[in-house]
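First up is the structure itself, then whatever we jot down about it.
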Amino acid sequence: MFKNVVLQPVVIEKTSTSCESSQGPNHKVDNFCGGVPNGLINEITSSDDSQAVKLDVTGASVSTSHDNDFNPVVELDRLDESRADTGDGTRCVRSDQPQRPPTVIHVSRPREVVKSRKDLPIIMMEQEIMEAINNHKSVIICGETGCGKTTQIPQFLYEAGYGSTKCSMRSGIIGVTQPCRVAVLSTARRVAYELGVRLGKEVGFQVRHDKKIGENSSIKFMTDGILLRELQSDFLLKRYSVIILDEAHARSLNTDILIGMLSRIIEERQV
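The opening residue of the sequence shown carries number 1 in the UniProt record's numbering; numbering runs sequentially from there.
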């Protein structure tokens, strides 16, 4: 039944190198200078083969890293298309390969949200991030606090058809884990507001002793403990098409367990 469905974890990390953003001294973004050739996406050739997408605010490009903070994440999807060796330990995957038919979900955002989103560094990286997610089983997205990872990546996925019945291969829920209930509640409210929808309808949440999510919700925010509990009754997480592990850099016990479990689940769902 789930032969053609790919569960795609997106592990969100923070990085230490940063520069101040236009949002003020408390909002910082990465400034990575190394870019890649046009039309190419770099892929790490490390033992865990996870693609690291870093936010380059100045060049709006995708770069890769062998940073020790990226330990271990589930394997990447193996693409059949030809790969080019850059000679520096990385391979390049041509972005002109055949793509899935695009699915676009219309979103009516409040006017002030449309204006404020333009200042978020991650917005200029939407295309590169979505290409990486669509082409690989797992992706590491890195960026400093304030660049918009937590609130915008679920919206990128939602607008691309994940969690929608309009696309059968992506109809499963977008699952987003947070380390604590306060982050779950605040992020769920913010994303629902930015999408212009009611909390509990398209966007829902679940924490211990509190739950507000509809039968047809597309995005579900939850603590990592809630997702671990769901694994006990549904090991393959059949309800989900994408899992985002936010704040993975904190290396909590629950997050470490989830990373290991998801790597196995992805392989099981390919059978």
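Don't be surprised by glycine CBs; every beta carbon is placed ideally from N, CA and C. Nothing here was measured: the structure is a model prediction, and the numbers come from that model.
Contact annotation: the stretch 136–145 does not touch the stretch 219–236, with fewer than three C-beta pairs closer than 8 Å. The beta carbon of Phe156 lies closer than 7 Å to those of Glu126, Ile129, Met130 in the same chain, with the five residues before and after it left out.
Per DSSP, the unbroken beta strand (DSSP E) holding Asp210 starts and ends at 210–212. The beta strand (DSSP E) runs lying completely inside the UniProt domain "Helicase ATP-binding" (130–271) and spanning 3 residues or more are 139–142, 173–178, 203–207, 210–212, 219–223, 240–245, given in chain order. At a Cβ-Cβ threshold of 8 Å, Glu247 and Pro154 do not count as neighbours. Excluding five sequence positions before and after Ser108, the CB atoms of its chain that fall closer than 7 Å to its own CB belong to Gly196, given in chain order.
If you draw a straight line from the Cα of Phe235 to the Cα of Arg190, it comes to about 30 Å. Annotated three-state conformation of Pro121 is helix, per DSSP.
About 11 Å separates the beta carbons of Ile257 and Thr177, which is beyond the 8 Å limit, so they are not a contact pair. Out of Arg239, Val207, Lys212, the CA that lies nearest to the CA of Lys201 is found in Lys212. Taking a C-beta distance under 8 Å as the contact criterion, Gly161 and Ile105 qualify as a contact pair. In the displayed model, Ser108 falls within coil according to three-state DSSP, outside both helix and strand.
The C-beta separation of Met222 from Gly163 comes to about 14 Å, leaving the pair out of contact by the 8 Å criterion. Annotated as proximal: Asp224 and Thr255, with beta-carbon spacing under 8 Å.
Taking each of Met169, Ile219, Glu268 in turn and checking the Cα distance to Val184, the smallest one comes out for Ile219. Per the coordinates, the alpha-carbon of Thr187 lies some 34 Å from the alpha-carbon of Val271.
The C-alpha of Arg269 lies about 20 Å from the C-alpha of Thr165.
Distances from the alpha-carbon of Ile266 to those of Lys137, Arg208, Glu112, Arg181 put Lys137 closest.
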